[in-house]
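These notes are about the structure you will find just below.
There are 2 protein chains.
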Amino acid sequence: MNNRVSFSLLYTFFHCQLWMYGGLDSNVFLQYLAWVTYPVVLITFSAGFTQILAPQAVGSGIPEMKTILRGVVLKEYLTFKTFVAKVIGLTCALGSGMPLGKEGPFVHIASLCAALLSKFMSLFGGIYENESRNIEMLAAACAVGVGCCFAAPIGGVLFSIEVTSTFFAVRNYWRGFFAATFSAFIFRVLAVWNRDEETITALFKTRFRLDFPFDLQELPAFAVIGIASGFGGALFVYLNRLIVQFIRKQKAINRFLMKKRLLYPALVTLLVSTLTFPPGFGQFMAGKLTQKESLVTLLDNRTWAKQGIAEEFDYIGQSQAWKHPQVNVFVTLVLFIVMKFWMSALATTIPVPCGAFMPVFVIGAAFGRLVGESMAAWFPDGIHTDGTIYPIVPGGYAVVGAAALSGAVTHTVSTAVIVFELTGQISHILPVMIAVILANAVAQSLQPSLYDSIIRIKKLPYLPELGWGHHEYYNIRVEDIMVRDVRYITLNCTYRDLHNVLLTGHLKTLALVESAESMILLGSIERAQLQSLLSLQLGRPRRLEYIKERATAEKKRLSVVSNPSSDDGSHRASQEVRFQVRGHCRSRIDRMESHPFHLCLMGCNLRKIAPQTTERIAEWEEMQLDEQVNFNNCKIDPAPFQLVERTSLHKTHTIFSLLGLDHAYVTSIGRLIGVVSLKELRKAIEGSVTVKGVKVRPPLASFRDSGTSSSENEATELHKLWDRHKSMSLPREHTPSESDEKSQ
Amino acid sequence: MNNRVSFSLLYTFFHCQLWMYGGLDSNVFLQYLAWVTYPVVLITFSAGFTQILAPQAVGSGIPEMKTILRGVVLKEYLTFKTFVAKVIGLTCALGSGMPLGKEGPFVHIASLCAALLSKFMSLFGGIYENESRNIEMLAAACAVGVGCCFAAPIGGVLFSIEVTSTFFAVRNYWRGFFAATFSAFIFRVLAVWNRDEETITALFKTRFRLDFPFDLQELPAFAVIGIASGFGGALFVYLNRLIVQFIRKQKAINRFLMKKRLLYPALVTLLVSTLTFPPGFGQFMAGKLTQKESLVTLLDNRTWAKQGIAEEFDYIGQSQAWKHPQVNVFVTLVLFIVMKFWMSALATTIPVPCGAFMPVFVIGAAFGRLVGESMAAWFPDGIHTDGTIYPIVPGGYAVVGAAALSGAVTHTVSTAVIVFELTGQISHILPVMIAVILANAVAQSLQPSLYDSIIRIKKLPYLPELGWGHHEYYNIRVEDIMVRDVRYITLNCTYRDLHNVLLTGHLKTLALVESAESMILLGSIERAQLQSLLSLQLGRPRRLEYIKERATAEKKRLSVVSNPSSDDGSHRASQEVRFQVRGHCRSRIDRMESHPFHLCLMGCNLRKIAPQTTERIAEWEEMQLDEQVNFNNCKIDPAPFQLVERTSLHKTHTIFSLLGLDHAYVTSIGRLIGVVSLKELRKAIEGSVTVKGVKVRPPLASFRDSGTSSSENEATELHKLWDRHKSMSLPREHTPSESDEKSQ
């Protein structure tokens, strides 16, 4: 319901701006001031508010949701603060009239609602405490976000699946439909209650003729729209990334902008709104129209131009904005497309809650309209040859273009469904489908989707998709990409080993093997668990205990050896030592807690302490470190995911995506021989994707026969390993050198 | 393209029947004969042809595809023979005019095409040899099947996902769209080329008014259609299963039908076509119309009845069939619904290639029409209150009813999309969505889907879905359902152990553990691999070698001991022995091959052989059996899937579905403690699903705290196990009794 409120607030803003602008028609300068000030203030407020309250609310939110649904915990993105910042920031940003979208933020807002609802419900216990249930809630929420944004329940569900999931559980499908249908229903019922509509209809209802929507011979034109949109979509993603990277790289600019965080949004807004100022350049690109109005006029079912000349067509209402006394409709359309293109790419880099779907959708519609108008001008009586004249419907082209360009930017095909639901007409289904598929084919082979691009820019922990047509994924094996130098701990290791392992590695979990010789994988232990084990062994309570013991012993010794007068002195000395040691301990423990990976064990701050005591503490530490680790109170994951050397990259990727893994151990008949984490997988996939044309074969791949694998191959025949295993079979401890060599 | 051919053949059949029927209008009896003979002959031929060529072609094919996409290999369902049988059988079955559908068989046919294409392409090597690629091909093929059946690419993709997948890889999504769009395009382009249509339009194009498709106050009526359809759908599935089970259980009927396999189809066809005979009872239920014609008339945008009386509405063409001089349109509709309902449920049990979607769709449309006509009769001037009169559109109700009933029977929501694509109008999106969701909610809580019902009837190896709202899935753990008595082999086992294990168990794969004491899981070996190991050890070559050796030794002994004259005799005897033994060996090996689990080792057919030789062979066998197994040439899967005791049933189900597992081992810190196969999982799920209201808690569940699990809990704290493990840590062999106890 919050979405609804923000929605109506938004319209209030729009009307305000137009009213301000309209009321000042005597003076162009005042008009300009009113036209420009309004968006600048709103965007600056939005940026500032978001920055202060919750910087996580910036941007679309779909990349983050994709990462969260992938299984990565990004808790700060689902807090109440973020919710408030997103709703208010989005309302202001949309109210500014900048070319910004709302479908990404709506997805995020719906997910925030779901997360907060889950958190609230979990107070009552029961099913809501379950983590996988929360993921289901979030998936349904994503569908709601898109669904109520466009009043497109089906398209919403499909779009949200495409942009957020890698593998989708069909059992969650109806949940999404249920939620999205109700959200769309409420959204449209509000319009009826507000007396805007008589009954529930589509958001951007079109009125194309039903009996003959398009001719078969028009299909090539639709295909052209699809292919061009594919290139356009890839260009948009590229441009968007370029702008972000340019601003980040230019250190001078960056330093300046960092200081004045609100300057960048204000400048961009100023530039964009100056260019769209209706009496100025805006007159050549229908600058007066809001996004919604542009879309309504672009989807109009009448032809604007015939025979290349802008005729006096029956302009009603908003459509007049496209008409300019001096220039052609085609020029207006081209200018609109070009200007909006870079404006949208630029505007979506502003740090406010905003999406890019709607601007891209409008640009696509304009491009489709341009092609449609050209076709109408070229074939004034339509293409159909059999008697009846069916004129070309440029609005249909606009629908196709909108679906194709937005599909290309987001790498989805469900935009086709969204346009049907948005326009309330499905007559152009085949042209739309063909254009969307072609646009996707082109765009996917050139650039990642906008959301994946943002994921890369933001460096979110996400696994890239396998591109299609890259057959080498079936030929690359885990053994080519795995890290052979696995950090492990053994069942009978000492605390010193533990300490060394913790100092060197960076993985979140460590493998537990039976012994360094057998290397049989028993499970994995989280780093934090090991750290607590270690700090338990060397921590303050133990240390104090030891020092107390030492002090007592010292006291005894002194009391035996020295005279009564020195007794008091020795007591003082002992106390001093204790104090110093305690201070030393504390600083050390503090350091341990703040830098838990780095335990500086050998004296650095020991200068103040008497050399004897220091030595003793060091001695004690050494003793403690040489003890065998007691794993009793340690949580062990007894079945970490295991792969085999010959598992293909394709299969590995599938398993990682399916199960949301972070890493997997590579074993060979129970023996740990390597580890693969998301990092290696990402490197392997990107390594072979980014280098175009050249197959980057991993170094070991060439030693293998190049025939593709059947799944049977993956049940490895490990003669050699097996032989070794057999030879040392039960008393395996005898051949350490050989095993050590292997484990490296 | 084969689908196309069958399609046009089908129409030829229809026209034949109508022509025969029309040409004989002088004599009712001859008319009846013509009306009845035609379907009976076609159905009987179809049943016979399918039975002889490939009985796998019988039925829908969707349940089988669901099972195959789940990862189970059902090779016989994807052969060329099945393809031929399905295409020809389906053509005849549809041509008969019985209430049979084609969408299931189309899915199967498209999958057959894909499978055969893959097989053909794999001749050229490369990517097509890969198994997972084949699954992707099949998934796309399923989309094509539905897509070209209804010219509904989007609905086709979604429907096929819903009915065949549990987890869907989004990266396969565009493949489905691509394939389905082209199939739908070709399908509709053929209609244009045949001059049936001027351009590409929807298959059952409707012409409802766009400006005011329905009033908000009509929504309750749509909801009623949804709920009633839910009950109706569940009843249909139940009725269908009841008929199958009744015929199977009645032994007398069954024996009779088994003898005369073609009698059942013929009888059912006779019954159905007698009842639809237009001059007979058929006149009261529009028996003259084919399914397609019924649907076209039901989706008509004009009102048939007003104020409860069948007026002289403008009957054009086929719609006249619904008009009867004596009875009301309502009576005709009710009779149509009731009769078609049981007829369809009965007809789909005939052993011919056929689906149930289309008949159900038509019944749903008729039910919707009935409600719509009633509404139109009740509110002759529409419901809208504000001035303008918008009469009720009963055709819209028919669309809603069709989507709702077919959605209820198949447990899908994508039927909503299919109806939009089928009718070319999306104006009724909200009523359709609401009705479909309600119908699904009702049907899913009462009965499995039609396809799941068939899976159960056919006992296909499929994992049932987790019903929704069953929270106990999160509380049941693997330890409650796993089989603790795991069949395993050890690394140092003898052939005798191998033999014993093979004799007792039935699982396809066996666990390989380090030793019976340590129970550390090293991998799994397929049963077939072990059998070949065993037969290698005891097989004919070895045996012959041994006998040859024996014979040589015997000969030597004889030649030394006895006189020269007996030399020849001994040679003969030796040869005889060799022959006999060879015969004996062969029979034994044959038996081994046919009953590989049962090696009768001790003499049974040994009577003919000299007792001495028999003894020696037995002795040799004993010796061979006592040797240690050499696993060198054995394919070992070094990383079988492992679960942990505390993994929840919900998670286990998810993992099994995601990875298409058949079984998984349960380990505790590397030690094998149990195994879970599909069987146990199915039992656990069905056990708690079928018993309504009563939570069937597994026996061990009550010992556990009832709080729901967080995923952290699943990283088990196994203090006790761990202690034991530690105590026996490296020289583990010392405590066999304790371990044995645990491993049981």
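If you read the protein sequences in the order shown, they are chains A and B.
Last residue of the first sequence: 744 (full-length UniProt numbering), numbering continuous.
Last residue of the second sequence: 744 (full-length UniProt numbering), numbering continuous.
Yeah, the Cβ is synthetic: ideal placement off N, Cα and C, and Gly gets one too.
Owing to the predicted nature of the structure, the values given are computational and were not obtained by experimental measurement.
Would you say arginine 207 of chain A faces chain B, with C-beta separation under 8 Å as the test? Residue mapping note: residue 207 of chain A aligns to position 207 of the first sequence, counting from 1. Taking Cβ atoms only, chain B reaches closer than 8 Å to arginine 207 of chain A, which makes this a yes.
Please state the DSSP three-state secondary structure of leucine 521 of chain A. Taking the first residue of the first sequence as 1, we reach residue 521 of chain A at position 521. Assignment of leucine 521 of chain A by DSSP, reduced to helix, strand and coil, places it in the strand class.
Name the DSSP bridge partner or partners of tyrosine 488 of chain B? The count along the second sequence starts at 1 and reaches residue 488 of chain B at position 488. Answer is B:Ala511.
Nearest candidate by alpha-carbon position, reference leucine 203 of chain B, set B:Leu235, B:Thr423, B:Gln56: As a first step, residue 203 of chain B must be located in the second sequence, where it is residue number 203. The candidate whose alpha carbon is nearest that of leucine 203 of chain B is B:Thr423.
Are the C-beta of isoleucine 392 of chain B and some C-beta of chain A separated by less than 8 Å? As a working mapping, residue 392 of chain B is identified with position 392 in the second sequence. Judged by the 8 Å Cβ criterion, isoleucine 392 of chain B is not in contact with chain A.
Distance, alanine 93 of chain A Cα to valine 40 of chain A Cα: As a working note, residue 40 of chain A is residue 40 in the first sequence. As a working note, residue 93 of chain A is residue 93 in the first sequence. The alpha-carbon atoms of valine 40 of chain A and alanine 93 of chain A are separated by roughly 10 Å.
Nearest CA to the CA of threonine 647 of chain A: which residue from A:Leu90, A:Val478, A:Met358, A:Cys148? Here residue 647 of chain A refers to the residue found at position 647 of the first sequence. Measuring from the Cα of threonine 647 of chain A, the nearest candidate turns out to be A:Val478.
Compare the C-beta of asparagine 194 of chain B with all C-beta atoms of chain A and state if any pair is closer than 8 Å. Along the second sequence, one-based indexing puts residue 194 of chain B at 194. Output row for asparagine 194 of chain B: interface = no.
Residues in the segment 154-177 of chain B having any Cβ partner in chain A nearer than 7 Å: From the segment 154-177 of chain B, only Ile154, Ile161, Glu162, Ser165, Thr166, Phe167, Phe168, Ala169, Val170, Arg171, Tyr173, Trp174, Phe177 have a Cβ closer than 7 Å to chain A.
C-alpha distance - aspartate 590 of chain B paired with leucine 498 of chain B, whole-angstrom precision: What you label residue 590 of chain B is simply residue 590 of the second sequence in a count that begins at 1. What you label residue 498 of chain B is simply residue 498 of the second sequence in a count that begins at 1. Bear in mind that a pLDDT of 41 at aspartate 590 of chain B, under 50, signals an unreliable position, so the model cannot answer this.
Quick one: residues in its chain with C-beta nearer than 6 Å to the C-beta of phenylalanine 83 of chain A, no 5 flanking neighbours on either side, listed in chain order? Walking along the first sequence from the start, residue 83 of chain A turns up at place 83. When the five nearest sequence neighbours on each side are left out, the beta carbons in the same chain lying within less than 6 Å of the beta carbon of phenylalanine 83 of chain A are those of Leu112, in order along the chain.
Under 8 Å, do asparagine 301 of chain A and glycine 395 of chain A count as touching if we go by C-beta distance? Looking up residue 301 of chain A in the first sequence gives position 301. Looking up residue 395 of chain A in the first sequence gives position 395. Yes.
Using a beta-carbon distance cut-off of less than 8 Å, what residues from the segment 399-433 of chain B approach chain D? No chain D is part of this structure, whose protein chains are labelled A and B.
Could you check if alanine 47 of chain A is buried or exposed, using at least 16 other CB atoms within 10 Å of its CB as the buried criterion? Looking up residue 47 of chain A in the first sequence gives position 47. With 16 or more other Cβ atoms inside 10 Å of its own Cβ, alanine 47 of chain A counts as buried.
Relative to the C-alpha of leucine 117 of chain A, which residue among A:Pro353, A:Pro105, A:Ala141, A:Phe106 is closest? To locate residue 117 of chain A, count along the first sequence from 1; it is residue 117. If you compare the alpha carbons of A:Pro353, A:Pro105, A:Ala141, A:Phe106 with that of leucine 117 of chain A, the shortest gap goes to A:Ala141.
Secondary structure of glutamate 526 of chain A, DSSP reduced to three states: The sequence position of residue 526 of chain A within the first sequence is 526, counting from 1. Note: glutamate 526 of chain A maps to strand in three-state DSSP.
In terms of alpha-carbon separation, which member of A:Gly155, A:Ala151, A:Ser160, A:Ile154 lies closest to methionine 137 of chain A? Translated into the one-based positions of the first sequence, residue 137 of chain A becomes position 137. Checked all of A:Gly155, A:Ala151, A:Ser160, A:Ile154; the closest Cα to methionine 137 of chain A is A:Ser160.
Selected residue, minimal CA-CA separation from histidine 663 of chain B, among B:Met623, B:Phe641, B:Pro448, B:Asn194: The count along the second sequence starts at 1 and reaches residue 663 of chain B at position 663. For the options B:Met623, B:Phe641, B:Pro448, B:Asn194, the alpha carbon positioned closest to that of histidine 663 of chain B is the one of B:Phe641.
Per DSSP, histidine 663 of chain A is paired with what? One-based indexing of the first sequence puts residue 663 of chain A at position 663. Histidine 663 of chain A pairs with A:Ser677.
Nearer than 7 Å: is that true of the beta carbon of lysine 548 of chain A relative to any heavy atom of the ligand FMN? Among the ligands in the structure shown, none appear at all, so the ligand FMN cannot be discussed.
Does the beta-carbon of proline 351 of chain A have 16 or more other beta-carbons within 10 angstroms, so that it is buried, or is it exposed? Against the first sequence, residue 351 of chain A aligns to sequence position 351. Buried.
Spatially closest choice to proline 461 of chain B from B:Gly59, B:Phe45, B:Leu681, by CA coordinates: On the second sequence, residue 461 of chain B is found 461 positions in, with the first residue counted as 1. Answer by Cα proximity: B:Leu681.
For asparagine 440 of chain A, return the contacting residues in chain B, with the cut-off set at a CB-CB distance below 8 Å. If you number the first sequence from 1, residue 440 of chain A lands on position 440. Per Cβ cutoff of 8 Å: Trp174.
Thinking C-alpha only, which one of A:Ala366, A:Asn27, A:Leu299, A:Leu450 is nearest glycine 205 of chain A? Your numbering for residue 205 of chain A matches position 205 in the first sequence. First, the residue type needs correcting, since residue 205 of chain A is lysine and not glycine in the sequence shown. Closest by C-alpha distance to lysine 205 of chain A, out of A:Ala366, A:Asn27, A:Leu299, A:Leu450, is A:Leu299.
From the DSSP output, in three-state form, read off isoleucine 418 of chain B for me. Reading the second sequence from its first residue, position 418 is the one you call residue 418 of chain B. It is helical.
Using beta carbons (cut-off 8 Å, strictly below), is isoleucine 476 of chain B in contact with chain A? As a first step, residue 476 of chain B must be located in the second sequence, where it is residue number 476. Not closer than 8 Å to any Cβ of chain A, the Cβ of isoleucine 476 of chain B fails to qualify, so no.
Glycine 230 of chain A versus A:Leu446, A:Ser532, A:Lys555, A:Phe336, residue with shortest Cα-Cα distance: Reading the first sequence from its first residue, position 230 is the one you call residue 230 of chain A. Of the listed residues, the one whose Cα sits closest to glycine 230 of chain A is A:Leu446.
Proximity winner among A:Ala114, A:Thr166, A:Phe120, A:Thr50, relative to residue 767 of chain A (alpha-carbon distances): Lying before the first or after the last residue shown, residue 767 of chain A is absent from chain A, which here runs from 1 to 744.
Can you pull the chain B residues whose beta carbon is under 8 Å from the beta carbon of leucine 530 of chain A, in chain order? Here residue 530 of chain A refers to the residue found at position 530 when the first sequence is read from its first residue. Within 8 Å Cβ-Cβ: nothing; leucine 530 of chain A doesn't reach chain B, min ~14 Å.
Just confirm the distance between the C-beta atoms of proline 431 of chain B and phenylalanine 222 of chain B, as a whole number of angstroms; I'd bet it's less than 8 Å. Residue 431 of chain B sits at position 431 when you count from the first residue of the second sequence. Residue 222 of chain B sits at position 222 when you count from the first residue of the second sequence. Contact flag correct, Cβ pair sits at about 4 Å.
Local Cβ density within 10 Å of glutamine 217 of chain B, reported as buried at 16 or more and exposed below that: Taking the first residue of the second sequence as 1, we reach residue 217 of chain B at position 217. Glutamine 217 of chain B comes out exposed.
Name the two residues that bound the continuous beta strand (DSSP E) containing phenylalanine 45 of chain B. In the second sequence, counting from the first residue as 1, residue 45 of chain B sits at position 45. Segment 28-53 is the alpha helix (DSSP H) holding phenylalanine 45 of chain B; no beta strand (DSSP E) there.
Closest Cβ-Cβ distance between threonine 652 of chain A and chain B: below 8 Å? As a working note, residue 652 of chain A is residue 652 in the first sequence. False, the Cβ-Cβ gap to chain B never drops below 8 Å.
Please report the straight-line C-alpha distance between lysine 548 of chain A and isoleucine 454 of chain A, rounded to a whole angstrom. Residue 548 of chain A sits at position 548 when you count from the first residue of the first sequence. Residue 454 of chain A sits at position 454 when you count from the first residue of the first sequence. Those two C-alpha atoms are separated by around 57 Å.
Whether glutamate 627 of chain A touches threonine 494 of chain A by CB criterion (8 Å): Along the first sequence, one-based indexing puts residue 627 of chain A at 627. Along the first sequence, one-based indexing puts residue 494 of chain A at 494. Between glutamate 627 of chain A and threonine 494 of chain A, the C-beta gap is smaller than 8 Å, which places the two residues in contact.
Closer than 7 Å by beta-carbon distance: list the chain A residues that pair up with phenylalanine 185 of chain B, in chain order. Stepping through the second sequence from its first residue, residue 185 of chain B is reached at position 185. Here the neighbours are Leu430.
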